[in-house]
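>
2 protein chains.
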Amino acid sequence: MKGKLFIVGTGPGAPPIRTFRMVEAIKQSDVIVAYTTYAKLIGDLVDGKEVITARMKEELYRAKVAIQKVQEGKVVSLISSGDPQVYGMASPALEMMCKNNLDLDFEIVPGVTAALAAAAKLGSPLAMDFASISLSDLLVPAEEILHRVKKAAEGDFVIVLYNPINKPLLERAMAIISEYRKPETPVGIVKSAYREDEQVIITNLSDWKRHEGIINMITTMIVGNSRTYTCNGKMITPRGYDRRYNFELNNDS
Amino acid sequence: MKGKLFIVGTGPGAPPIRTFRMVEAIKQSDVIVAYTTYAKLIGDLVDGKEVITARMKEELYRAKVAIQKVQEGKVVSLISSGDPQVYGMASPALEMMCKNNLDLDFEIVPGVTAALAAAAKLGSPLAMDFASISLSDLLVPAEEILHRVKKAAEGDFVIVLYNPINKPLLERAMAIISEYRKPETPVGIVKSAYREDEQVIITNLSDWKRHEGIINMITTMIVGNSRTYTCNGKMITPRGYDRRYNFELNNDS
Numbered sequence: 001m002k003g004k005l006f007i008v009g010t011g012p013g014a015p016p017i018r019t020f021r022m023v024e025a026i027k028q029s030d031v032i033v034a035y036t037t038y039a040k041l042i043g044d045l046v047d048g049k050e051v052i053t054a055r056m057k058e059e060l061y062r063a064k065v066a067i068q069k070v071q072e073g074k075v076v077s078l079i080s081s082g083d084p085q086v087y088g089m090a091s092p093a094l095e096m097m098c099k100n101n102l103d104l105d106f107e108i109v110p111g112v113t114a115a116l117a118a119a120a121k122l123g124s125p126l127a128m129d130f131a132s133i134s135l136s137d138l139l140v141p142a143e144e145i146l147h148r149v150k151k152a153a154e155g156d157f158v159i160v161l162y163n164p165i166n167k168p169l170l171e172r173a174m175a176i177i178s179e180y181r182k183p184e185t186p187v188g189i190v191k192s193a194y195r196e197d198e199q200v201i202i203t204n205l206s207d208w209k210r211h212e213g214i215i216n217m218i219t220t221m222i223v224g225n226s227r228t229y230t231c232n233g234k235m236i237t238p239r240g241y242d243r244r245y246n247f248e249l250n251n252d253s
Numbered sequence: 001m002k003g004k005l006f007i008v009g010t011g012p013g014a015p016p017i018r019t020f021r022m023v024e025a026i027k028q029s030d031v032i033v034a035y036t037t038y039a040k041l042i043g044d045l046v047d048g049k050e051v052i053t054a055r056m057k058e059e060l061y062r063a064k065v066a067i068q069k070v071q072e073g074k075v076v077s078l079i080s081s082g083d084p085q086v087y088g089m090a091s092p093a094l095e096m097m098c099k100n101n102l103d104l105d106f107e108i109v110p111g112v113t114a115a116l117a118a119a120a121k122l123g124s125p126l127a128m129d130f131a132s133i134s135l136s137d138l139l140v141p142a143e144e145i146l147h148r149v150k151k152a153a154e155g156d157f158v159i160v161l162y163n164p165i166n167k168p169l170l171e172r173a174m175a176i177i178s179e180y181r182k183p184e185t186p187v188g189i190v191k192s193a194y195r196e197d198e199q200v201i202i203t204n205l206s207d208w209k210r211h212e213g214i215i216n217m218i219t220t221m222i223v224g225n226s227r228t229y230t231c232n233g234k235m236i237t238p239r240g241y242d243r244r245y246n247f248e249l250n251n252d253s
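Protein chains in written order, with full-length UniProt numbering: chain B, 1 to 253; chain W, 1 to 253.
(1) For the stretch 103-134 of chain W, which segments carrying the beta strand (DSSP E) assignment without a break, of at least 3 residues, lie completely within its bounds, in sequence order?
(2) Just verifying my parser: in three-state terms, what is the DSSP assignment at Lys182 of chain B?
(3) Using 8 Å as the limit for Cβ to Cβ distance, is His211 of chain W near chain B?
(4) Jot down the residue ranges of each uninterrupted beta strand (DSSP E) in the stretch 150-226 of chain B, minimum 3 residues, whole runs only, in chain order.
(5) Which of the residues in the stretch 51-82 of chain W, read from start to end, lie with their CB under 8 Å from any CB of chain B?
(6) Looking at the unbroken beta strand (DSSP E) that takes in Val46 of chain B, where does it start and where does it end?
(7) Using only the alpha-carbon positions, how far apart do Phe6 of chain B and Ile79 of chain B sit?
(8) Residues of chain W with CB under 7 Å from Met217 of chain B, in chain order?
(9) Strictly by DSSP, which residues pair up with Ser80 of chain B?
(10) When the cut-off is 8 Å and only beta carbons count, does Ser132 of chain W lie next to chain B?
(11) As a quick exercise: from W:Pro183, W:Val200 and W:Met22, pick the residue whose alpha carbon is nearest that of Leu122 of chain W.
(12) Is the number of C-beta pairs between the stretch 33-42 of chain B and the stretch 140-151 of chain B that are closer than 8 Å three or more?
(13) Specify whether the stretch 99-119 of chain W and the stretch 82-90 of chain W touch according to this definition: at least 3 beta carbon pairs, one from each stretch, less than 8 Å apart.
(14) Taking Arg210 of chain B as the reference, which of B:Val187, B:Phe247, B:Lys2 and B:Glu72 has the closest Cα?
(15) Going by DSSP, which residues form a beta bridge with Lys69 of chain W?
(16) Roughly how many whole angstroms lie between the Cα atoms of Tyr105 of chain W and Met235 of chain B?
(17) Taking all protein chains shown into account, decide if Arg21 of chain W is buried (16 or more other Cβ within 10 angstroms of its Cβ) or exposed.
(18) Over what stretch of residues does the beta strand (DSSP E) that includes Met89 of chain W continue unbroken?
(19) Note down, in chain order, all residues in the stretch 229-244 of chain B with a beta-carbon under 8 Å from any beta-carbon belonging to chain W.
(20) Within 10 angstroms of the Cβ of Ser253 of chain W, are there 16 or more other Cβ atoms? Answer buried if so, exposed if not.
(21) For chain B, check one thing: does any of its Cβ atoms lie closer than 8 Å to the Cβ of Asn124 of chain W?
(22) When the cut-off is 8 Å and only beta carbons count, does Phe157 of chain W lie next to chain B?
(23) If Tyr229 of chain B and Leu60 of chain W are in contact, beta carbons under 8 Å, what's the gap, nearest whole angstrom?
(24) State yes or no: is the C-beta of Asn250 of chain W nearer than 7 Å to some heavy atom of the ligand NAP?
(25) Is DSSP giving Tyr35 of chain W helix, strand or coil here?
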């Protein structure tokens, strides 16, 4: 009996934005290990399986339990929302295997990360180079996070902010970005993309605080670069075609 | 008869890493508009449909044709590989609708972008803040691209390089990164992730040039940050748990 570990991303949480491989991995699994909320998102797939849930801040516990079950010969899916790379379970699981010299059979099943899910709801904000930054300072010092915010602003990256749960830190980050970008720079705020309680707001760098009420752990924010604009209620970052071509619809060039 | 435009990401190209919504969108479509190579990746889904292909550098032509078909009342899928945000068709399509004052029914269907697909094959390189940079200088001046490379290096971002097709530009980018990171910093090179001819290499900043032969337009490169290491042939970027916890497997804390 040979165990296997699937490190699986569920995507934003709606069944249509799952990958086929994600569903297949869960179907093949004996054991599902997930943060309590994410276990609910895949409730339709886990009938008859052993489901082990754990609270936030228990990522290492989840990695440990998953690995122990694989050592017992079980096929295990260790669940992240979005993609398991991006602030998800892939790194803690691989670190735990490495530091314990374990050579287990594993497969990482990628998923649609929150940046992409939020962007799809906002328009096309991520068409140019972007930086993904988590504002969670549980594991990373706030000053290190803000240093990266400053460098991303200096580089005119579109900036994706994950986990904007620490309000003072978020305000400092937005203040830094505002030193480099115009007050009317579009800011997209997406909460619970593709879920029932989805909220999508497009505001800007001078006005975003009016929407602080919807910003929490499951909110993703996207700050446009110097060329991002809004049109027909959508946020658009030009890829650069306007620098060389025109957008006329009714010619044949 | 009311047309609709799906702006669809296929993921890396293998059926298992498609989303359900992507398959549904294509099934609902009368017309598929795609870059020639990507049309082949979805060949199993397009039987009986009108398929309009076009070469690279014809993104605006593809956007225009797709929009014109929607205006004729057709349901159209405009295809990108990966995710349609990330250097894909979402931005040119939305720009074209905006600049021609068109209020068409459209939906963006997100997908697993190349950064996530490559990362899944490499281990867990994207566990910390990362910057996505395209090295294509067709639409963006090389100096602007290199400025962003420098800022990403200064911010100690994990750096994902898309489209490393311009070899001199790639060499300049890697030289800039090397000013900020140790020679042994891991570098992942993934060509054709999840396709038949997939190649996955983990090298480092001093050695990457030995693998220049496999670097082309469909290669994605991921340069680790200052804490990224390799273990059991995988590239791991610590999320930061090691700063506060230990990875012991056999205790119950």
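The C-beta atom is built at its ideal place from N, Cα and C for all residues, glycine as well. Keep in mind the model is a prediction, meaning the values are calculated, not measured.
Result, derived from the coordinates:
(1) 106-109 and 130-134
(2) For the purposes of this step, residue 182 of chain B is identified with residue 182 of the first sequence, where counting begins at 1. Three-state result, Lys182 of chain B: coil.
(3) The residue labelled residue 211 of chain W in the question sits at position 211 within the second sequence. Cβ-Cβ to chain B under 8 Å: no for His211 of chain W.
(4) 158-162, 186-191, 199-204 and 219-223
(5) Glu59, Leu60, Lys64, Ile67 and Gln68
(6) Indexing the first sequence from 1 puts residue 46 of chain B at position 46. Premise fails: Val46 of chain B is in no beta strand (DSSP E) and is neither H nor E.
(7) What you label residue 6 of chain B is simply residue 6 of the first sequence in a count that begins at 1. What you label residue 79 of chain B is simply residue 79 of the first sequence in a count that begins at 1. Cα-Cα distance, rounded: 8 Å.
(8) As a position in the first sequence, residue 217 of chain B is number 217, starting the count at 1. Neighbours of Met217 of chain B on chain W: none; closest Cβ ~16 Å, over 7 Å.
(9) Mapped onto the first sequence, residue 80 of chain B falls at position 80. Answer is B:Gly9, bridged to Ser80 of chain B.
(10) As a position in the second sequence, residue 132 of chain W is number 132, starting the count at 1. Yes - at least one Cβ of chain B is within 8 Å of the one on Ser132 of chain W.
(11) Here residue 122 of chain W is taken as the residue at index 122 of the second sequence, counted from 1. The shortest C-alpha separation from Leu122 of chain W is found at W:Val200.
(12) no
(13) yes
(14) Along the first sequence, one-based indexing puts residue 210 of chain B at 210. Nearest of B:Val187, B:Phe247, B:Lys2 and B:Glu72 to Arg210 of chain B, Cα basis: B:Val187.
(15) Your numbering for residue 69 of chain W matches position 69 in the second sequence. Paired residue(s): none; Lys69 of chain W is not in a bridge.
(16) For the purposes of this step, residue 105 of chain W is identified with residue 105 of the second sequence, where counting begins at 1. For the purposes of this step, residue 235 of chain B is identified with residue 235 of the first sequence, where counting begins at 1. Per the sequence presented here, residue 105 of chain W reads as Asp, with Tyr not at that position. Rounded to whole angstroms, Asp105 of chain W to Met235 of chain B spans 16 Å at the Cα level.
(17) For this step, residue 21 of chain W is matched to residue 21 along the second sequence. Looking at its Cβ environment, which holds 16 or more other Cβ atoms inside 10 Å, Arg21 of chain W is buried.
(18) Along the second sequence, read from residue 1 onward, the residue named residue 89 of chain W stands at position 89. Segment: none, Met89 of chain W is in no beta strand (DSSP E) and carries neither H nor E.
(19) Cys231, Asn232, Lys234, Ile236, Thr237, Pro238, Arg239, Gly240, Tyr241, Asp242, Arg243 and Arg244
(20) Here residue 253 of chain W corresponds to residue number 253 of the second sequence, with the count starting at 1. A caution first: Ser253 of chain W carries a pLDDT of 45, below 50, which makes its placement in the model too unreliable to give a value.
(21) Indexing the second sequence from 1 puts residue 124 of chain W at position 124. It should be noted that the sequence gives Ser, not Asn, for residue 124 of chain W. Yes, contact with chain B.
(22) The residue given as residue 157 of chain W occupies position 157 in the second sequence. Chain B contact via Cβ: present.
(23) Counting from one through the first sequence, the residue named residue 229 of chain B turns up at place 229. Counting from one through the second sequence, the residue named residue 60 of chain W turns up at place 60. Rounded, the Cβ-Cβ distance is 18 Å, inconsistent with contact.
(24) This structure lacks the ligand NAP; in fact it carries no ligand of any kind.
(25) Within the second sequence, numbered from 1, the residue matching residue 35 of chain W stands at position 35. Tyr35 of chain W: strand per DSSP, three-state reduction.
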